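Undergrad:
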Amino acid sequence: MKRLFLSACAVALGLSGLTIAPADANSLRYAPPPPVMLSPDQIDPWVMQVRPGSFRIEPRDARPRVTSRRVAPAPQRTRQASIAKTKQRVRSIDPRFLPTVVDYDGPHKPGTIIVNTNERYLYLINNDGTARRYGVGVGRPGFEWAGRHKVTRKAEWPSWRPPAEMRQRQPGLPAFMEGGPRNPLGARALYLGSTLYRIHGSNEPWSIGQAVSSGCIRMRNQDVQDLYTRVRVGTNVVVI
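Under mature numbering (1 follows the signal peptide of the UniProt record, and there is no 0), read the sequence shown as residues -25 to -1, 1 to 215, first letter to last.
1) Is the beta carbon of A121 sitting closer than 7 Å to the one on V214?
2) Could you say which of N91, N102, T170, V90 lies nearest to T127 if we only look at CA atoms?
3) Since S188 sits in a beta bridge, which residues does DSSP pair it with?
4) Anyone know if the C-beta pair for N178 and G161 falls short of 7 Å?
5) Quick one: residues in its chain with C-beta nearer than 6 Å to the C-beta of G184, no 5 flanking neighbours on either side, listed in chain order?
6) Tell me the residue span of the beta strand (DSSP E) that contains T75.
7) Report buried or exposed for D78, applying the criterion of at least 16 other Cβ atoms within 10 angstroms of its Cβ.
8) Given a cut-off of 7 Å, decide if G154 and S182 are closer than it, judged by their beta-carbon atoms.
9) Restricting to Cα atoms, I'd like to know which of R193, V206, V208, T210 is closest to N91.
10) Quick one, are the C-beta atoms of T210 and I89 less than 7 Å apart?
11) Is the beta carbon of P82 less than 7 Å from the beta carbon of N101?
12) By Cβ distance below 8 Å, which residues in the same chain neighbour G114 in space, the five residues on each side in sequence not counted?
13) Looking only at its chain, what residues have a beta carbon closer than 6 Å to the beta carbon of Y98, apart from the 5 residues adjacent to it on each side?
14) Classify R123: buried if its beta carbon has 16 or more other beta carbons within 10 angstroms, exposed otherwise.
15) Would you say G161 lies against chain B (beta-carbon separation less than 7 Å)?
16) Express the C-alpha separation of E140 and F151 in angstroms, rounding to a whole number.
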């Protein structure tokens, strides 16, 4: 009790500007620290900057958590793949030029090939009053022709020798090209008489149904392969 009393007196005297010597060393060790006093002119400018309600402490679990997650980027097509797909979509064959079987009651005998250049169809007459119909590409304006011929030769993956007139019209064409997928004559060729014209495949299937050739009759490779197995040398060909 005596120590507490002396400590309280020391605090009271300290606030009044007086000092008192401690009774012993332990009295300062266990005495409570004096209160901190701040002048109002020092704290008012700070208190005025704090608006009511500007601070809010939320429970730790209630605070929104921000997490980062790496999202794998969506696969992007290369420019070449995009262009190739666009070309494929634009240059696809019209479905009406795909092979089909139709009725036929005309004057030509079974086994005859009829090419209707206006319709862009080739017909192979069957024995049962029907005909197999294929879509074809034909000669562009200025290269149309009509007539009757026979198949005088058949060739698989034929080589190509562009005529001199064609090479003159289209500089850069080779004088000779071996047969193969890149050859303009495609997978099969049926040669017509002594003419320069052929019924042949094409590495440009989107040209079927169009007038783009120099007079030859173009077919899809799979279609000319089918036709090739159904006709023989000597077959009559009528182009109208």
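For glycine and all other residues, C-beta sits at the position ideal for the given N, C-alpha and C. Since this is a predicted model, take the numbers as computed values, not measurements.
TA: The answer reads as follows:
1) On the sequence shown, residue 121 is found 146 positions in, with the first residue counted as 1. On the sequence shown, residue 214 is found 239 positions in, with the first residue counted as 1. Cβ distance < 7 Å, so A121 and V214 count as in contact.
2) In the sequence shown, residue 127 corresponds to position 152, counting from 1. Taking only the C-alpha atoms, the option nearest T127 is T170.
3) Locating residue 188 in the sequence shown gives position 213, where the first residue counts as 1. DSSP lists G114 as partners of S188.
4) For the purposes of this step, residue 178 is taken as the residue at position 203 of the sequence shown. For the purposes of this step, residue 161 is taken as the residue at position 186 of the sequence shown. The Cβ atoms of N178 and G161 sit closer than 7 Å to each other.
5) Within the sequence shown, numbered from 1, the residue matching residue 184 stands at position 209. Answer for G184: D69, F72, R95, G110, listed in chain order.
6) Counted from its first residue, the sequence shown places residue 75 at position 100. It spans 75 to 78 - the beta strand (DSSP E) in which T75 sits, taken as one unbroken run.
7) Counting from one through the sequence shown, the residue named residue 78 turns up at place 103. It is exposed - the Cβ of D78 has fewer than 16 other Cβ atoms within 10 Å.
8) In the sequence shown, counting from the first residue as 1, residue 182 sits at position 207. In the sequence shown, counting from the first residue as 1, residue 154 sits at position 179. Not in contact: S182 and G154 (Cβ atoms no closer than 7 Å).
9) For the purposes of this step, residue 91 is identified with residue 116 of the sequence shown, where counting begins at 1. Nearest option by C-alpha distance: R193.
10) As a first step, residue 210 must be located in the sequence shown, where it is residue number 235. As a first step, residue 89 must be located in the sequence shown, where it is residue number 114. The answer is no: Cβ separation not under 7 Å.
11) Here residue 82 is taken as the residue at index 107 of the sequence shown, counted from 1. Here residue 101 is taken as the residue at index 126 of the sequence shown, counted from 1. No, these two residues do not count as a Cβ contact at 7 Å.
12) The residue you call residue 114 lines up with position 139 of the sequence shown. Excluding residues within five positions, the ones whose Cβ falls inside 8 Å are T92, W120, A186, S188, S189, G190, C191.
13) Here the question's residue 98 lines up with position 123 in the sequence shown. The answer, listed in chain order, is I89, A106, R108.
14) For the purposes of this step, residue 123 is identified with residue 148 of the sequence shown, where counting begins at 1. Its Cβ having fewer than 16 others within 10 Å, R123 is exposed.
15) Structure shown: chain B not included; a single protein chain is present.
16) On the sequence shown, residue 151 is found 176 positions in, with the first residue counted as 1. On the sequence shown, residue 140 is found 165 positions in, with the first residue counted as 1. Spanning the two alpha carbons is a distance of roughly 14 Å.
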